[in-house]
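Peer 1: Quick one: the structure is below, and I'll ask about it shortly.
Number of protein chains: 2
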Amino acid sequence: MPSQTQPLPDPSSPAGDDPVLAEFRKSIDNIDAALIHILAERFRITQAVGKYKARASLPPADPGREQLQIARLRKLSEEAELDPEFSEKFLRFIIDEVIRHHEKAQSRQG
Amino acid sequence: MPSQTQPLPDPSSPAGDDPVLAEFRKSIDNIDAALIHILAERFRITQAVGKYKARASLPPADPGREQLQIARLRKLSEEAELDPEFSEKFLRFIIDEVIRHHEKAQSRQG
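Those protein sequences? They're chains A and B, same order as listed. Counted from 1, the first sequence has number 106 at position 106 by this note's numbering; the numbering is strictly sequential. Counted from 1, the second sequence has number 1051 at position 51 by this note's numbering; the numbering is strictly sequential.
Now the structure itself:
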């Protein structure tokens, strides 16, 4: 992360010209590229899971598994000082997308 | 990722007993732990950005920056074979949370 020792810029200038903000944004952009690639890999795996569940006639959603995932991620979040509420919302957001994919795979099989 | 050469399990047994699914789930759990830690770092940075923006009287949201981020992540997603629509929804989800944090930081300063 960039240091914050530089003088404050003129607030009337656009944020894009702010050198402190520009440094922060470079770190955010690197992190976002990492997130996109990790998410791409997660969906590669859940796509294979979807195909497997469709073949094995397993239901797309698994509420018991989801409860275990939520509990585990909330614990990890606390250790990483991330809001556990947010991590739960985040997992829900991802799982909803995965279930949509699984339902599509299921309907292609049926 | 686990191989899919094992025989299909009895569909009446719970998914948790399925050895193929158990292997997939180990990979998903590893990926989720990585996502949580990367997200924790992203929010550490945006928390610093929020404090800086509040000090510098910069607005919490920056629609021009967001458009650039969306365009960049859509391009990265295509390269990684991730649905670009999903990556846009994902960034929107994260940015909405960040803006909520910035507004809180702003109101603490004001």
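Glycine included, every Cβ here is placed at the ideal spot set by N, Cα and C.
DSSP three-state call for Pro60/A: helix, strand or coil?
Peer 2: DSSP places Pro60/A in coil when its eight states are reduced to three.
Peer 1: Using only the alpha-carbon positions, how far apart do Lys1051/B and Ala1080/B sit?
Peer 2: If I take the Cα positions, the gap works out to 34 Å.
Peer 1: What does the Cβ neighbour count give for Arg981/B, buried or exposed, with the cut at 16 atoms within 10 Å?
Peer 2: Any answer about residue 981/B is impossible in this case: the structure gives chain B only from 1001 up to 1110.
Peer 1: Tell me whether the beta-carbon of Ser1087/B lies closer than 7 Å to the beta-carbon of Ile36/A.
Peer 2: Taking 7 Å as the Cβ cut-off, Ser1087/B and Ile36/A qualify as a contacting pair.
Peer 1: How would you write the range of the alpha helix (DSSP H) that Leu82/A sits in, first residue to last?
Peer 2: Taken as a continuous stretch (DSSP letters only), Leu82/A belongs to no alpha helix (DSSP H), as it is neither H nor E.
Peer 1: Looking at chain B, is there any beta carbon in it that lies within less than 7 Å of the beta carbon of Ile28/A?
Peer 2: Yes, Ile28/A lies at the interface with chain B (some Cβ there is under 7 Å from its Cβ).
Peer 1: Of all the options Asp1083/B, Gln1067/B, Leu1091/B and Pro1060/B, which has the alpha carbon lying nearest to the alpha carbon of Arg1100/B?
Peer 2: Ranking the options by Cα distance to Arg1100/B, first place goes to Pro1060/B.
Peer 1: Closer than 7 Å, CB to CB, is His37/A near chain B or not?
Peer 2: By this cut-off, His37/A is an interface position.
Peer 1: Going by beta-carbon coordinates alone, are Ala1071/B and Leu82/A separated by less than 7 Å?
Peer 2: Contact: no.
Peer 1: Determine the contact status of Pro1084/B and Arg1092/B, defining contact as a CB-CB distance below 7 Å.
Peer 2: Going by C-beta atoms, Pro1084/B is not nearer than 7 Å to Arg1092/B.
Peer 1: Relative to the C-alpha of Leu68/A, which residue among Asp1029/B, Ile1095/B and Gln1069/B is closest?
Peer 2: It is Asp1029/B whose Cα lies nearest to the Cα of Leu68/A.
Peer 1: Between Ser107/A and chain B, is there a C-beta pair that is closer than 7 Å?
Peer 2: Taking Cβ atoms only, chain B never reaches closer than 7 Å to Ser107/A, which makes this a no.
Peer 1: Work out the CA separation of Glu1066/B and Pro63/A for me, nearest whole Å.
Peer 2: So the two alpha carbons sit approximately 35 Å from each other.
Peer 1: If the cut is a Cβ gap below 7 Å, which residues of chain B does Arg42/A touch?
Peer 2: Result: Ile1028 and Ile1031.
Peer 1: For the alpha helix (DSSP H) that contains Asp1032/B, what are its first and last residues?
Peer 2: Unbroken alpha helix (DSSP H) run through Asp1032/B: Pro1019 to Arg1055.
Peer 1: Considering Cα atoms alone, identify which of Phe24/A, Ser77/A and Val49/A is closest to Ala1022/B.
Peer 2: Nearest C-alpha to Ala1022/B: Val49/A.
Peer 1: Note down, in chain order, every chain B residue with its Cβ under 7 Å from the Cβ of Ala61/A.
Peer 2: The premise fails here: Ala61/A is roughly 10 Å from chain B at the closest Cβ pair, so nothing lies under 7 Å.
Peer 1: What does the Cβ neighbour count give for Val1020/B, buried or exposed, with the cut at 16 atoms within 10 Å?
Peer 2: Buried, since its Cβ has 16 or more Cβ neighbours within 10 Å.
Peer 1: When the Cα atoms are used, what is the spatial distance from Ile53/A to Ile1095/B?
Peer 2: Residue 53/A is actually Lys in this sequence, not Ile. For Lys53/A and Ile1095/B, the distance between alpha carbons rounds to 33 Å.
Peer 1: Can you tell me the Cβ-Cβ gap for Ile1038/B and Ile31/A, rounded? I've got them flagged as a contact below 8 Å.
Peer 2: With 8 Å as the limit, Ile1038/B and Ile31/A qualify as a contact, their Cβ atoms being about 6 Å apart.
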